[in-house]
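Chains as they are written, first to last, in the working numbering: chain A, 1 to 357; chain B, 358 to 714.
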């Protein structure tokens, strides 16, 4: 049994490998051979007046002979800011650290295969799914990629896009110049390519073939006037698109049917703050029949059309994650580290038992 | 962070301590200050024709500053036998071992506190809850305890009963003489008391004040004719009681309201085989209003009556487990081992991260 660190993963597990295994997983999912248990969140008050949340999700991918459970154990606080109240996870574990774990099991023997923090994979699996969708949905001659956001998730979006297509120009914009500059440096190192930074969103999207959105803005960031025929758009939050965007005819594809946006509304958890208040969200989306949209599993298996013409506008909603994503990507890591000394060894018998449970 | 073994727990964590912490947990539960996520089971076929199941349940007990997730990763098979088809977990992990884990987290810092197999606690938490119920429900002058079953769970029932009350006579019966004899030996060692073995169930129950049932029989084992005024009965499966038992007026108390017996029927999992076919089960129970019964949390907080008179017959249904049971008992273990060298040390930073997940 192995315990991996985010640093181990950063060294070994690159975006092309993540996309490769996610393609297998989404194909299996599209054929109905993958099972996810949706994330469940238990919020509770703590004796000292804080808020604690335990989140978990499960996924089983029989073809990869793997199952996983992903666990988050977070201390939560709400911070008032310019854009409204923002939910923050407090790094309250020793050393000022956060707690998110993936446990991997074999479906052949049941045994625990590995335990690892979820940070690196969290970023890569979101980016990877977006990359697969982009490859299926964007025009074959797409040249210019525009990225709104220059944070932690934005980098993975770019890595994934470049893993599936050759873009002539990569652009990025975010409101803070310092953040943009830092992002450019990071991407030069991680991707080996030069990002063109833009000073305004209008400059960013002018002539773009693909717009990827990965911000933590509370307000919508994508304006309807920017959208041109043939574009491909992808976002990790439906609230990133301003209301008029939803009036533009476009082919929308969901990450999965496990959680539809309206479910997020009715779950009634503080996560809803991310979507703004319910009423305004409903007004923004009331013309969309979310439950009739095709999914990534549908288009990867050819059960649904990914793009019907070069003029069509396509939009991919890369919303809530699933256990099977973590299972598949973590299994790839295990495969890549087999026979190496990457990771800490823990005797498997520490985590198995002679007792019939 | 600690990794404990069942052997560590067997040495350190005795039934009185288990009952002590479970009393706190059930009191909190009764006051609505404990949250459980019900067990979810993902069954799937494996490429080699087997069946794999991933089960998980979560629980948070703020007063004890602890949350837990309990995971089972099992290879399943169905074995035809004298009593019908029986579901069996195959010990397919290396060394012929099973896989069930408890992960414990702090609700104050979020950090992982411990990981341990679930076998020992599984047995102790079932017994412990039964002991708490017995103490609240059995007549104060109960002298003779009769145990149906001499297996793994039966021992914990006896340990718990003896932890809360002083019985003058402890009796046990199971169909296999060899099993009975072995059980007597084990209990002499574990409990330090002599069990009176009986050759038939009729002899067993004659004059008994308390009947505890812990068998893996598929057929009902408790006959209506054995039940006398003032008796206390407890079972871990409602199917242990033959149909006419349900016609006898008695005060029935459930372990919890999280899962009612009828829910087990409608879950549609292979677990149902344990209950026999649905129709016959329904016929056996159609006169019981399960959802109106009081729970262990109700009687421990005094919100419901545990026993109204010395003549009343009381029956405790110690059905499906909850994450909070595992959280509470595992936390007790942690408390008892603090400052000792019990368990393997794993650096907490292996299972926490600098990445904001």
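Here a beta-carbon is modelled for each residue, glycine too, at the ideal position from N, C-alpha and C.
Interface partners of residue 352(A) on chain B, CB under 8 Å: 450, 451, 452, 454, 455, 456 and 474
Candidates 121(A), 221(A) and 111(A): closest to residue 429(B) by CA position: 111(A)
Option in 109(A), 194(A), 77(A) and 223(A) with minimal Cα separation from residue 202(A): 223(A)
Distance CB(residue 355(A))-CB(residue 476(B)) smaller than 8 Å: yes
Terminal residues of the beta strand (DSSP E) in which residue 457(B) lies: 457 to 463
Selected residue, minimal CA-CA separation from residue 303(A), among 208(A), 41(A) and 28(A): 28(A)
Ranges of the beta strand (DSSP E) found wholly within the stretch 548 to 584 of chain B, counting only runs of at least 3: 567 to 570
Interface flag, residue 89(A) vs chain B, CB-CB below 8 Å: yes
Cβ of residue 313(A) within 8 Å of any chain B Cβ: no
Test item: CB-CB of residue 103(A) and residue 115(A) under 8 Å: yes
Within chain A, the residues that residue 522(B) reaches when beta carbons sit closer than 7 Å: Result: empty, since nearest Cβ-Cβ is about 27 Å, beyond 7 Å.
Buried/exposed call for residue 424(B), threshold 16 Cβ in 10 Å: buried
Interface residues of chain B facing residue 37(A) [CB-CB closer than 8 Å]: 397, 399 and 413
Chain A contact residues for residue 468(B), given Cβ-Cβ distances below 9 Å: 73, 92, 93, 94, 97 and 99
CB contact check: residue 705(B) to chain A, cutoff 8 Å: yes
Three-state secondary structure (DSSP) of residue 586(B): coil
Residues that DSSP places opposite residue 72(A) in a beta bridge: 55(A) and 100(A)
Cutoff 8 Å: residue 712(B) Cβ touching any chain A Cβ: yes
Chain B within 8 Å of residue 8(A), Cβ atoms only: no
Buried versus exposed call for residue 166(A) [16 or more other C-beta atoms within 10 Å across all chains shown]: exposed
Beta-carbon proximity of residue 149(A) to residue 214(A), cut-off 8 Å: yes
Residue 123(A) vs residue 156(A) beta-carbon contact at 8 Å: yes
Per-residue burial, residue 78(A) [other beta carbons within 10 Å of its own, 16 or more giving buried]: exposed
Residue 308(A) beta carbon less than 8 Å from that of residue 251(A): yes
8 Å Cβ cut-off: residues of chain A touching residue 417(B): 42, 44, 52 and 54
Entirely enclosed beta strand (DSSP E) segments - the stretch 489 to 554 of chain B, minimum 3 residues: 501 to 505 and 526 to 530
Three-state class that DSSP yields for residue 244(A) in the structure shown: helix
Residue span of the alpha helix (DSSP H) that contains residue 405(B), given as start and end: No alpha helix (DSSP H) contains residue 405(B), which DSSP labels as neither H nor E.
Contacts around residue 20(A), its chain only, beta-carbon distance under 8 Å, and the 5 residues preceding and following it disregarded: 332
Assumed close pair residue 58(A), residue 411(B) - CB separation to whole angstroms, cut-off 8 Å: 6 Å
Residue-chain proximity (residue 320(A), chain B), Cβ-Cβ < 8 Å: no
Nearest candidate by alpha-carbon position, reference residue 687(B), set 456(B), 463(B), 612(B) and 696(B): 463(B)
Three-state class that DSSP yields for residue 352(A) in the structure shown: coil
Contact list for residue 120(A) against chain B, beta-carbon separation under 7 Å: 712
Where residue 108(A) meets chain B, residues with beta-carbon distance less than 9 Å: 403, 404, 405, 407, 409, 432 and 449
Presumed contact (8 Å Cβ cut-off) between residue 295(A) and residue 255(A), rounded CB distance: 7 Å
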